[in-house]
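For reference, the structure is listed below as structure tokens.
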Amino acid sequence: MGERAKHAELAGLQPPPVPPDARIGSFRSGELVNADASAVDRRLFVDEELYRLEQERIFAKCWLFVGHESQLEANGSFLTTTMAEDPVLVVRDKAGKLRGYLNSCTHRGTKICRADSGRSSTFKCPYHGWTFNSEGALMSVPRLGQVYGENFDRSKHSLREVAKIDSIHGLIFATWDPAAPTLREYLGEMTFYLDLMLARMEGGTELLGGLHKWTIGVNWKIPAENFAGDHYHVPVTHGAGVEMGYRSQLSNDGYCIHTGNGHSIGSERGGAQQGHAVQTEYKGFMDNMRAQLVAKYGEKAAAFVPVGVGTIFPNLSFMDTARFRTFRVWHPRGVDKIEIHSCLIVDRALPEDLKREVRKRYSLAFGPSGIFEQDDGDVWQSIQDSMRGRIGRQGWLNYEMGVGREGPTVDRYGPPFVGSTSDILMTEANQRAYYRQWAKLMTEGDR
1 MGERAKHAEL AGLQPPPVPP DARIGSFRSG ELVNADASAV DRRLFVDEEL
51 YRLEQERIFA KCWLFVGHES QLEANGSFLT TTMAEDPVLV VRDKAGKLRG
101 YLNSCTHRGT KICRADSGRS STFKCPYHGW TFNSEGALMS VPRLGQVYGE
151 NFDRSKHSLR EVAKIDSIHG LIFATWDPAA PTLREYLGEM TFYLDLMLAR
201 MEGGTELLGG LHKWTIGVNW KIPAENFAGD HYHVPVTHGA GVEMGYRSQL
251 SNDGYCIHTG NGHSIGSERG GAQQGHAVQT EYKGFMDNMR AQLVAKYGEK
301 AAAFVPVGVG TIFPNLSFMD TARFRTFRVW HPRGVDKIEI HSCLIVDRAL
351 PEDLKREVRK RYSLAFGPSG IFEQDDGDVW QSIQDSMRGR IGRQGWLNYE
401 MGVGREGPTV DRYGPPFVGS TSDILMTEAN QRAYYRQWAK LMTEGDR
């Protein structure tokens, strides 16, 4: 093992290679992801058994994004979302504590809340009327004494609560796993880059407007690995956007960084989409606050703002650019379908006119009708379509780009940078880190 590989493994930036004979259900690990993750079997994206195991070993174990604190500012406020395929209700209870529950009545399983968001102290099941409070307790049962008798114990029928819920810079995460590490332990060195992205102005951030929600016929991992730092596709897939002047030709001055547990970021230096048409008032505002960034994080770190694209394993991705900052969740809805929830997150201190500008530019580029989003969606669906058949699901996909060119980020950029990086912008190092983490988690259930 080379010195760079030793560094990455010892620092926890990538797990040791999964033994090729380790089991993933009826598969061997080596059949699905090779030793250095430079080849990934097509069955990862089409096999129903693997998809079922992902629900148990990834989505039931990892910390998953469930909302933003600005959606739950008042006590009694709530929102509904999903954690993979499980519907969840996230609330701020009467004491101001964040809580998360399976959005399913303990009587017959009906969703107790169908609204996207709102404010309520109780949640009444629309089927038989069982009513729960914001602490998840069953408070009322119609005709309780008449139909159940005096021995019915309401305390045994509380809503199922998530094991842990926490937030960082306004982003709320939850996990079903009581043995999960803390959120900050799970994020690890990724917290440094989240600081650069979400803690650069006083007052924190807020979700601007609502959510865009739409479905695409693709496996959830394909967009997640794209946002991990696939710069190779930009000149081709988004060539029309380049010709329109919406962004410049891709620069060679950039980075792909992964920080352990499958998390990663990547961008041209100074953020994605630095084209000649990018001279917006929002970019000018960020340029003017550069002195504050330097004072807070140092000259080198300030040069990485905006930070570009990235993925927090398993299915939360973001894009922080000179035009806007969007977060999106790739909710699995089967092995070959996702529901995308995309939102715009801005600094609270941003002037109102710039918030309007950011919202407009986000809608032009991303969301279901965005010029770049449509490019990606079309390509992703064609990938899935090509692997549906008996022959199409056979063989390997190639992730070799940049193999052997990784090393400590601090060696290339100096302190305070963390993680592991490559010496080139166009690399698949982040994707390899993503699938190493996938293989690690998927084999743990068979050990």
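The numbering of the sequence shown is the UniProt record's numbering, which starts it at 1 and goes up by one.
For every residue, glycine included, the Cβ atom is placed at its ideal position computed from N, Cα and C.
Source: prediction; values computed, not measured.
Rounded to whole angstroms, the separation of the alpha carbons of T205 and G284 is 19 Å. Collapsing the DSSP output to three states places E299 in a helix. Where G145 is concerned, there is no enclosing beta strand (DSSP E), although the alpha helix (DSSP H) around it starts and stops at L144 to V147. With fewer than 16 other CB atoms across the displayed protein chains lying within 10 angstroms of its CB, P351 is exposed. In this structure S317 is not in contact with H212, their Cβ atoms being roughly 14 Å apart against a cut-off of 8 Å.
Across the set Y399, I340, G129 and E202, the C-alpha of Y399 shows the shortest separation from the C-alpha of M426.
The beta carbon of T443 lies closer than 6 Å to those of V18, A22, I24 and S29 in the same chain, with the five residues before and after it left out.
Here T122 is exposed, its C-beta having fewer than 16 other C-beta atoms within 10 Å.
Distance from the CA atom of H231 to the CA atom of S267, rounded to whole angstroms, is 8 Å. Buried is the label assigned to L293, since at least 16 other Cβ atoms lie within 10 Å of its Cβ.
It is roughly 18 Å from the alpha-carbon of D166 to the alpha-carbon of M197. As the crow flies, the alpha-carbon of E69 is around 8 Å from that of L207. One alpha carbon belongs to G109, the other to A137, and they sit about 15 Å apart.
Taking the Cα positions, I265 is about 9 Å away from T259. For Y413, the enclosing alpha helix (DSSP H) stretches over residues T409 to Y413. Put simply, the backbone Cα of V329 is about 30 Å away from that of R290. In this structure, A174 and P332 do not form a Cβ contact; the two beta carbons are roughly 16 Å apart against a cut-off of 8 Å. Exposure of V147 is indicated by the presence of fewer than 16 other C-beta atoms within 10 angstroms of its C-beta. Collapsing the DSSP output to three states places I222 in a helix. Taking the Cβ atoms as the reference, L72 lies roughly 20 Å from R160, outside the contact range of under 8 Å. Per DSSP, the unbroken beta strand (DSSP E) holding A174 starts and ends at L171 to T175. Note that the C-beta distance between H263 and G170 is not below 9 Å. Comparing alpha carbon positions, the residue from A228, A95 and R200 closest to A429 is A228.
Contact check for A349 and G203: beta-carbon distance about 5 Å, within the 8 Å limit, so the pair qualifies.
Per DSSP, V346 is one residue of the beta strand (DSSP E) stretching across I338 to D347. Taking a cut-off of 8 Å on C-beta distances, the segment 174-186 does not touch the segment 150-158, as fewer than three cross pairs fall below it. Taking all protein chains shown into account, P314 has 16 or more neighbouring C-beta atoms within 10 Å of its C-beta and is therefore buried. Residue D116 holds the alpha-carbon nearest to the alpha-carbon of S77 among D116, Y193, A303 and I340. Taking 8 Å as the upper bound for CB-CB distance, R361 and F417 are not in contact here, some 29 Å apart. D353 and G145 have their C-alpha atoms some 59 Å from each other.
When DSSP states are grouped into helix, strand and coil, L397 belongs to the strand group. About 6 Å separates the beta carbon of T326 from that of L344, a gap short enough to meet the 8 Å contact definition.
Below 8 Å, too few C-beta pairs join the segment 46-63 and the segment 399-411 to call them touching: fewer than three.
Looking only at P408, R388 and K355, the smallest Cα-Cα distance to Y282 is reached by K355. Annotation: the continuous alpha helix (DSSP H) that includes T237 extends over V234 to T237. A straight line joining the alpha-carbon of G445 with that of I168 spans about 29 Å.
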